[in-house]
Structure formats: C-alpha cells, structure tokens
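By the count of our numbering, the sequence shown reaches residue 408 at its end, each step adding exactly one. All C-beta atoms, glycine included, are put in the ideal place defined by N, C-alpha and C. Please read the structure below before turning to the comments.
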Amino acid sequence: MAEQNPSASPDPAGSEDDVDALKAADAKDLHQAVREEGEDELDRPISSLFFSGLAAGMAIASSLIAEGALHAAIPDTPWRSVVVSLGYPIGFLVVILGRMQLFTESTITAMLPLVTKPSGWALRRTLRLWSVVLGANLIGTALAGGMIAADLLGGSELRTAMIEVSMGITELSLGATFVNAIPAGFMIAILAWSLPNAREQSFLVIFAITYVVAIGAFSHSIVGSVEAWLLLFSGEVGLGKALGGLMLPAILGNLLGGAGLFALLAHAQVRGEMTGREKN
Numbered sequence: 129m130a131e132q133n134p135s136a137s138p139d140p141a142g143s144e145d146d147v148d149a150l151k152a153a154d155a156k157d158l159h160q161a162v163r164e165e166g167e168d169e170l171d172r173p174i175s176s177l178f179f180s181g182l183a184a185g186m187a188i189a190s191s192l193i194a195e196g197a198l199h200a201a202i203p204d205t206p207w208r209s210v211v212v213s214l215g216y217p218i219g220f221l222v223v224i225l226g227r228m229q230l231f232t233e234s235t236i237t238a239m240l241p242l243v244t245k246p247s248g249w250a251l252r253r254t255l256r257l258w259s260v261v262l263g264a265n266l267i268g269t270a271l272a273g274g275m276i277a278a279d280l281l282g283g284s285e286l287r288t289a290m291i292e293v294s295m296g297i298t299e300l301s302l303g304a305t306f307v308n309a310i311p312a313g314f315m316i317a318i319l320a321w322s323l324p325n326a327r328e329q330s331f332l333v334i335f336a337i338t339y340v341v342a343i344g345a346f347s348h349s350i351v352g353s354v355e356a357w358l359l360l361f362s363g364e365v366g367l368g369k370a371l372g373g374l375m376l377p378a379i380l381g382n383l384l385g386g387a388g389l390f391a392l393l394a395h396a397q398v399r400g401e402m403t404g405r406e407k408n
C-alpha cells in the first residue's frame, strides 16, 4: 500500500468548507436566521405558545431566587449589588437554553417577518404571539411570586432577601421605569440577534448581555413582574402600583426598545441587500 504524501495539498473543497464553518454569519445571514425563527413562532399553535410562555414565566423567577440567595449571603458593602447581579442571568440561561417562550425575546423574532413582508396576516399573527406569550409569562411570574411570598420557594430569610432586592424597582416613577426599560428591550433583542452566531459560546453571550442589564439596573418586564407580584403578595405595594406603575411601563419600554428600535435597525441594515423575492 502506498503511503500518503504528508505534503500533498488538502482537498480544496474540504478546505473551503472548513473556512466557511469558521466564518461568522454576516448581518444578512443573521437576519434570515432570526426571521425564520420568528416565522416558526408565528405558526405555532396558541396552546404551544401559552404553555411555553407559562414555563418561561415560572423559570425566569430563578433569577430573583439566585439574586436573593447572594443578597442574603453578602454583607452590606459598596460592591454588593455587583455580586448580587451575578444571579440575574440564571433565569435567562434556563429559559433561553431551554427554548421557552419569553416575551422580550419575541419582540425582534416576531417583528422581522412583519417588517420584511408586511401584511394583515403577519400583523395579526405578531399581535397574537405577543399577547399569548406575554399573558402566559405574567401568569407564570404571578405563580412564582405567590409561591415565594408564601414561603414555598426557600425559607423566610431568602424570602426577605428577595423582597429587599425587589424593592429596587419601586424607586423609579412610572415615566422613569418606561425610559429605563427601553435599553433592556434593546439589549435582549441584541441577545436574540446574536445567538445564531454564538454557537458554543451561547452560555457566555447570554450571561454577559443579561449581566449588563442587571448591573445597569435596567427594567426588564418579565423579571420585574416576578418582583412586582412578590411585592404585591407581600403587601409592600398595592395592585394599581404593581400593574400600572411597575409592570405596564416596563412592558411598553421593552417593546419600544426591542421591536421599535433594534428590530427596525436590524432590518434597515440589510434591506438594501435583500432580493425582491425575500422582500415579497
């Protein structure tokens, strides 16, 4: 048997495939990947969206649980919040890697199909997706907040720590909460946009972006709703404050930051490169 010459040139086709595999997707490829994911979400049955959103709402509470545990373990120091914020990404890691439906992530995935091929059907499906997922998320966070308030998730010391962490969202006015939620929506949309390129680094990308949201103290509607429900069920705030002063402005701000700003910018940067078939 003849020995293979180690200096022989490698297969050009194989080499080209290897190089392509190492290349990061460009903006147009990312747009297509996120848009196709959004189209799949728009086609999902209501029951699938609801139960996935319900699971996400309950699972996202692990962010507050992790923050509460760190808050309880660390003395009151100037750097306490920086360490406590390390718990914030936990819920996002569980939800996103578990492929559960989160309202703030769907602001861009559902918006791209709509702005690419505008139609009444796409608009109705987008509004259907958002309303079902948001409603399911809020039911899930209400269940989680109620269980925490009733000492069914952790002991009284952890519950107290989670209430102390949650009180931070009451420091902003309605208008300030809305404005503060815009960058959070923008950042989570960036996360959804970046994941197709993240590959094996998905864990680090999710952790890094959501940690920035945490240390920036930006208002995230779904994590914030866990906190708002907990404060409501613990008697710290009233129903009007919880719904109208904490949850609603955060939801609207996230929607503006995700769907109103980042999704439109993401589409605008590739619109000139799209073919007529992709647009119509």
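Could you spell out the range, first to last residue, of the alpha helix (DSSP H) harbouring residue i?
i      : result
Phe306 : Leu302 to Ala326
His159 : Ala155 to Asp171
Met239 : Met239 to Thr244
Ala78  : It is not possible to answer for residue 78, since the shown part of the chain is limited to 129 through 408.
Thr298 : Per DSSP, Thr298 belongs to no alpha helix (DSSP H) and is neither H nor E.
Phe220 : Pro217 to Leu225
Glu355 : Ser349 to Phe361
Phe331 : Ser330 to Ile343
Leu376 : Leu376 to Leu383
Ser213 : It is not in any alpha helix (DSSP H) - Ser213 carries neither H nor E in the DSSP assignment.
Leu392 : Ala391 to Arg399
Work out the CA separation of residue j and residue i for me, nearest whole Å.
i      : j      : result
Phe346 : Leu240 : 24 Å
Thr244 : Phe178 : 26 Å
Arg327 : Ile297 : 34 Å
Phe306 : Met315 : 15 Å
Asp168 : Leu384 : 23 Å
Thr254 : Lys156 : 22 Å
Ile267 : Leu359 : 15 Å
Glu144 : Ala161 : Here the model assigns Glu144 a pLDDT of 49, short of 50, so the residue's position is not dependable, and the following value carries that caveat. Those two C-alpha atoms are separated by around 22 Å.
Ala149 : Ala201 : Note that Ala149 scores 45 on pLDDT, short of 50, meaning its location in the model is unreliable; the coordinates nonetheless yield the value given after this. Distance between the alpha carbons of Ala149 and Ala201: 44 Å.
Glu292 : Arg256 : 35 Å
Met275 : Gly373 : 22 Å
Arg399 : Val210 : 40 Å
Gln397 : Leu323 : 18 Å
Phe390 : Ala336 : 18 Å
His199 : Asp154 : 41 Å
Pro173 : Gly363 : 37 Å
Ala410 : Ala317 : Summary: the structure shown does not reach residue 410, with the chain confined to residues 129 through 408, and so no result is reported for it.
Val223 : Thr205 : 31 Å
Phe331 : Trp258 : 25 Å
Val147 : Leu280 : Confidence at Val147 is low in this model, with a pLDDT of 38, below 50, so its placement is unreliable and no value can be given for it.
Asn265 : Phe361 : 17 Å
Thr338 : Gly282 : 24 Å
Leu221 : Gly248 : 34 Å
Leu376 : Ile350 : 11 Å
Glu299 : Leu242 : 36 Å
Gly263 : Glu165 : 21 Å
Going by C-alpha to C-alpha distance, which of the options sits closest to residue i?
i      : options                           : result
Tyr216 : Leu383, Pro377, Leu392 and Ala342 : Ala342
Leu214 : Ile334, Val398 and Glu292         : Ile334
Ala356 : Thr205, Thr269 and Leu230         : Thr269
Leu271 : Ala391, Ser191 and Gly185         : Gly185
Ser284 : Pro377, Leu170, Ile193 and His395 : Ile193
Leu392 : Leu367, Pro246, Val354 and Leu332 : Pro246
Val260 : Thr235, Gly388 and Ala320         : Thr235
Ala304 : Gly381, Val340 and Gly273         : Gly381
Arg287 : Leu319, Gly226 and Val354         : Val354
Ile188 : Gly352, Leu280, Ala312 and Pro311 : Gly352
Pro311 : Glu299, Gly263, Ala378 and Gly219 : Ala378
Gln229 : Ala277, Leu251, Ser180 and Leu242 : Ser180
Gly196 : Arg208, Trp207 and Val212         : Val212
Arg208 : Ala289, Thr232 and Ala370         : Ala289
Asn415 : Ala278, Gln329 and His348         : For the chain, the structure presents residues 129 to 408; residue 415 sits outside this window and is missing.
Check the Cβ-Cβ distances between residue i and every residue of chain B, and say whether any is below 8 Å.
i      : result
Trp321 : Absent from the structure: chain B. Only one protein chain is present.
May I ask you to check if the CB of residue i is nearer than 7 Å to at least one heavy atom of the ligand GDP?
i      : result
Leu214 : As for the ligand GDP, it is missing from this structure, which has no ligand bound.
### Query
In the segment 179-206, which residue ranges form an unbroken alpha helix (DSSP H) of at least 4 residues, counting only runs that do not cross its ends?
With a minimum length of 4 residues, the continuous alpha helix (DSSP H) runs that stay inside the segment 179-206 are 189-201.
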